[in-house]
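Working notes, beginning with the structure itself.
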Amino acid sequence: MRRLSLILILVVGCLKPTPPLPTITKDTFIEISLTGGGIYGGINPTIENIKEIKNKGEVLLSSAALYTGSQKDSKKISRARVENLAGYIIGHDFFKMKDVYDCKPRDKNCELRKTGYPPAVPLVISVTIGNLSKTITVTVFEKGAADYPEDLEAIVNKINEAVNQAQ
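Per my numbering: the sequence shown = residues 25 to 191.
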């Protein structure tokens with residue numbers, strides 16, 4: 025019995041407490057960004073691709089290509105849309121996901137995508153909602169390559185939808 029208690033104490037002591045999920049209000053701080061993803065290839069490879077959604081709905085787009093240089097753009101979505109997106113992200117368990125998603129074990133094709141031509145560019149998703157902040161990296165963001173959950177792809181698609189509909 026003593027041994028079982030000691031093991032239980034050790035296991036419980038190693039668990040990180042999960043902070044409570046924030047209630048989203050008009051005052052909740054929210055920032056969301058996607059960086060990278062895709063491939064580095066073609067005649068004029070993209071060397072930077074950043075999409076940011078700021079707290080009040082400003083959408084910042086920044087990209088740079090090897091030969092044509094950098095481009096920056098600023099658009100806007102409503103604060104309500106930002107709050108709805110934050111709720112969607114929380115509802116799809118973003119803050120419970122792993123920090124890194126890499127190739128499935130022994131998946132040589134996926135490993136080749138990281139080093140072959142055109143090389144895959146890792147996707148980095150960063151989200152801050154209230155006092156919670158998390159960054160997830162997907163080494164190869166292609167269906168069937170890296171071992172990431174479908175909910176993460178749904179979140180990325182929802183972020184891209186909001187960015188693409190910004191005016």
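The C-beta atom is built at its ideal place from N, Cα and C for all residues, glycine as well.
Cβ-Cβ separation, Asp126 to Ala170 (assumed contact under 8 Å), whole Å:
The pair is a contact, with the Cβ atoms about 6 Å apart (cut-off 8 Å).
Q) Helix or strand or just coil, what does DSSP make of Asp97? A) Asp97: strand per DSSP, three-state reduction.
key: Cβ-based burial, Ile149 [other Cβ within 10 Å; buried from 16]   = When all chains shown are included, Ile149 counts as buried.
Contained beta strand (DSSP E) runs [length at least 3] in the region 79 to 160, N- to C-terminal order | Runs found: 82 to 89, 93 to 100 and 147 to 153.
query: What residues in its chain sit with their C-beta under 7 Å from that of Phe165, if we drop five residues either side in the sequence?
result: Answer for Phe165: Gly61 and Leu147, listed in chain order.
Inset, instruction - Verify the contact flag: Ser87, CB atom, against every heavy atom of the ligand MG, threshold strictly below 6 Å. - result: With respect to small molecules bound, the structure shown includes none, and the ligand MG cannot be examined in it.
Taking Cβ to Cβ, would you say Phe53 is nearer than 7 Å to Asn79? Contact check for Phe53 against Asn79 passes: the beta carbons are separated by less than 7 Å.
Any contact between the region 87 to 94 and the region 130 to 142? By contact I mean 3 or more CB pairs, one from each, below 8 Å. Because the criterion of three Cβ pairs below 8 Å is not met, the region 87 to 94 and the region 130 to 142 do not touch.
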